[in-house]
Each structure stands twice: as structure tokens, then as C-alpha cells.
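Undergrad:
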Amino acid sequence: MNRRSRMKTKRIFISYLLAIGTIMMVTALVGCDPKKPGVEEKPEEQDSLWLATAKVTKPEELAESQLTFTVNEVTFTMIRVEGDGVTTFYMGETEVTQALWKAVMGKVDFETNPPHFEGVPERDYIGPQRPMCFVNWYACQQFINRLNEATGYTFRLPTDAEWEFAAKGGKSSKDYTYSGSNDIDEVAWYDGNTGGKGSRDVKTKAPNELGLYDMSGNVSEWVSDEWDDAYYTDTPVTFRIVRGGSWFDQEEECRVSSRDGEGEEASFDSVGFRLVLEVQ
């Protein structure tokens with residue numbers, strides 16, 4: 000069994016354990032009416048205070064080729080993706096960074112006590128312009144909910160189809176193997192140029208045809224769709240699709256056509272997310 004297979008097996012096992020632990024904990028707390036973590040709970044008092052004091056700058060209308068938003072002095076850009084088989088939407092120019100996560104959520108949980116897997120070399124994935132990682136699918140929803148409350152817009156995770164359409168370059172696609180090039184080293188941080196030691200700052204490789212960065216490599220990205228591969232049907236874990244491959248992955252996992260699945264309660268240092276903004 001190669002390194003990738005061993006780590007994938009370990010990640011599936013961790014996802015399984017996390018799911019069992021979450022189900023047991025939530026069931027014990029709410030009896031026979033378990034709820035998914037972090038989605039239906041009412042905002043805490045400190046969240047309301049944050050929303051009341053957050054400094055937000057946003058565009059007046061959604062009509063430009065790209066839009067910029069600023070939350071608590073952290074600016075991020077959304078790129079317009081004209082639909083062709085999918086509806087028109089805006090896609091995050093980069094993966095959500097740790098700086099943006101902190102601006103929206105108030106902290107980065109692993110900033111002072113970074114978690115790591117037992118028995119693997121120390122990895123470097125902390126920095127304001129590094130992609131946010133160690134966030135499960137539900138933590139992404141919490142972030143998005145708070146961002147939506149602050150801005151009044153409808154951000155969300157991309158669908159699998161939206162992600163792939165944008166990664167291919169939309170209507171400007173040149174049908175590259177990786178997002179923006181047939182040469183993976185031009186556009187992606189992956190095992191071959193990171194040595195498996197962690198992510199890199201966003202926007203340090205070339206963008207694709209739409210001006211989107213790191214859609215191949217750096218960190219894999221959650222999308223909204225459930226994974227339906229028969230391999231996972233006998234587990235209690237709900238798996239969600241992740242796309243793009245990461246600094247941990249080999250070339251084949253970073254192809255635009257490649258997809259994988261992770262348990263939605265699991266979080267890893269090689270999985271993050273990217274925003275989509277609906278055109279209202």
C-alpha cells in the first residue's frame with residue numbers, strides 16, 4: 000500500500016470515529032432529536048456583538064466582472080463566472096484564507112495550538128495568507144452564515160458542477176489537465192513541490208483562464224454535494240465531495256477531473272474551502 004493509500008485509509012477511519020463520537024455526543028444532549036453540529040443553533044451573544052461591530056465594505060450591485068468585499072480590514076475578491084450549463088455566479092478568487100476566517104469568526108482555533116497527526120513530520124500550514132484548514136463541512140457553514148449576516152449577500156459553497164466549470168476556466172476554457180495549465184508546477188502546490196510539508200500562501204502560482212488561483216493543489220476544497228460512491232455506503236458517515244487536490248496529493252489527484260470524498264465531520268490540514276456568491 001503506497002503512502003497516499005495509507006493516509007487515505009487513516010483519514011477514512013478518523014472520519015468514521017468522528018462521526019460516531021458526534022452522534023453519541025449530540026444524541027446524549029438532545030435525546031432522540033439529534034441535530035448536525037453548528038447549523039441550527041442560535042447565535043451566541045458574542046456573535047451578535049461581533050455582527051453589530053463588524054466593519055464591512057461591499058459592492059452596491061452584482062454587475063462587475065469582479066467584486067471586492069472587506070470585512071474587518073481583510074479584503075477578498077469574487078470573480079464573475081458566466082454560466083454555460085450552469086447559472087452565472089461569482090467564485091472566490093482564492094481559497095478562504097486564515098486572515099479572512101479570523102476577520103469573520105474572531106479567531107483561528109489552531110493558531111496557538113496547531114494539531115497534527117501522530118507519527119508524521121511537522122508541517123507548515125499557519126499564516127494569514129495560507130488557506131484556512133482544519134475546518135469540517137459544518138464549520139464552513141458556520142463561517143458562511145456569519146458572513147451572510149454581516150454582508151446581506153448569499154454566499155455558499157459551490158456545487159460540484161460549479162466548481163468543475165470554474166476550475167476548467169468557464170467559457171474561456173482551454174481544456175487544461177490542471178486548472179490553468181497542463182504543467183502542474185505552473186499552477187499548483189502539490190506533493191511534488193511541497194515535499195508533503197504543508198500549504199503555501201494563496202496566489203503564489205499562476206491563475207486559470209478566469210483569474211482563479213489554486214483550484215488545483217494547495218488545499219482540497221469542500222463543495223456542497225454528497226459523495227455517493229458505493230465504497231462508503233456501509234458507513235454511518237455522510238461524505239461530501241472535495242475537489243482540486245492539495246499540497247499532500249500527487250499529480251493525478253490535482254487534475255480538474257479528479258474528485259474525492261471526506262466525512263463531513265472530519266477536518267484536516269489539507270482540506271479547506273472556497274466561496275460562491277449567488278447573483279441575486
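If you read the sequence shown in numbering that gives the first Met the number 0, its first letter stands for residue 0, the second for the next number, and so on. Glycine included, each C-beta is placed from N, C-alpha and C at the ideal position.
1) How many Å lie between Ala102 and Lys170 at the Cα?
2) Excluding sequence positions up to five away, which residues of its chain have a Cβ less than 6 Å from the Cβ of Thr56?
3) What does the Cβ neighbour count give for Leu50, buried or exposed, with the cut at 16 atoms within 10 Å?
4) Would the segment 267-276 and the segment 84-97 be scored as touching if the rule is three or more Cβ pairs under 8 Å?
5) Are Val236 and Glu261 closer than 7 Å when you measure CB to CB?
6) Among residues of its own chain, excluding the 5 on either side of Pro206, which ones have a beta-carbon nearer than 7 Å to its beta-carbon?
7) Determine the direct distance from the alpha carbon of Gly91 to that of Thr74, and round the result to whole angstroms.
8) Identify whether Trp221 lies in helix, strand or coil by the three-state DSSP scheme.
9) Return the CA-CA distance between Gly191 and Glu81, expressed in angstroms with no decimal places.
10) Roughly how many angstroms lie between the CA atoms of Phe154 and Arg122, to the nearest whole one?
11) The beta strand (DSSP E) with Thr285 in it runs from where to where?
12) What residue range does the beta strand (DSSP E) around Met90 cover?
13) Return helix, strand or coil for Val186, following the three-state DSSP convention.
14) Cα separation between Val278 and Gly210?
15) Go to Arg145, then tell me how far its alpha helix (DSSP H) extends in each direction, as first and last residue.
16) Below 8 Å, how does it come out for the segment 187-204 and the segment 155-166: are there three or more Cβ pairs, yes or no?
17) Based on Cα-Cα distance, which residue from Glu263, Ala265, Ser245, Phe267 lies nearest to Ser257?
18) Which residues share a DSSP beta bridge with Asp259?
19) Please list, in chain order, all residues of the same chain as Glu252 whose beta carbon is under 6 Å from its beta carbon, the five residues on each side excluded.
TA: Considering the structure as presented:
1) Each residue's alpha carbon lies about 33 Å from the other.
2) Hits under 6 Å: Thr69.
3) Leu50 is exposed by the Cβ-count criterion.
4) Short answer: they touch.
5) No Cβ-Cβ contact shorter than 7 Å links Val236 with Glu261.
6) Cβ contact annotation for Pro206 (same chain, cutoff 7 Å, sequence separation greater than five): Gly179, Tyr212, in chain order.
7) One C-alpha to the other measures close to 12 Å.
8) Assignment of Trp221 by DSSP, reduced to helix, strand and coil, places it in the strand class.
9) Counting only the Cα atoms, Glu81 lies some 33 Å from Gly191.
10) Arg122 has its alpha-carbon roughly 31 Å from the corresponding atom of Phe154.
11) A query on residue 285 cannot be resolved here, the shown segment of the chain reaching from 0 to 279 and no further.
12) Segment 88-91, the beta strand (DSSP E) holding Met90.
13) The answer is helix: DSSP assigns Val186 an H, G or I state.
14) Cα to Cα, the separation comes out at about 19 Å.
15) From DSSP, the alpha helix (DSSP H) with Arg145 extends over 136-150.
16) Segment contact: the segment 187-204 against the segment 155-166, fewer than three CB-CB distances shorter than 8 Å; contact not assigned.
17) Cα-wise, what sits closest to Ser257 is Ser245.
18) Note: Asp259 sits in a beta bridge opposite Val241.
19) Counting only Cβ-Cβ distances below 6 Å, and skipping sequence neighbours, we find Gly244.
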